[in-house]
């Protein structure tokens, strides 16, 4: 059934039943009208994220956002300095060639 959303608790329960050997993926798919690929994705999420699985990923860590902004400013400064240096070098080389 497209468009269904399942609670975090439901997903963890399904994953725990499969991982604990209580039920097979096929049994759970039949009981809850789920696809095997969906259960596989849920298991993969738990494997990768552990306790953070199925939590809101839309809330980025504020300190990371600040660090990204800082690095973007630094890259902009470096780019500007690089442009200035290239122009200065080109000017220097053209003046050297005229002597």
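Numbering (the numbering used here), first residue to last: 1 to 99.
Glycine is no exception: its CB is placed at the ideal position from the N, C-alpha and C atoms.
Owing to the predicted nature of the structure, the values given are computational and were not obtained by experimental measurement.
Closest option to residue 42, judged by alpha-carbon separation, among 90, 15 and 87: 15.
Residue 67 and residue 12 have their C-alpha atoms spaced approximately 33 Å apart. By the Cβ neighbour-count rule, residue 46 is buried, with 16 or more other Cβ atoms within 10 Å of its own. Under the three-state reduction of DSSP, residue 87 is assigned to helix.
Straight across, the Cα-Cα distance linking residue 22 with residue 34 is about 17 Å.
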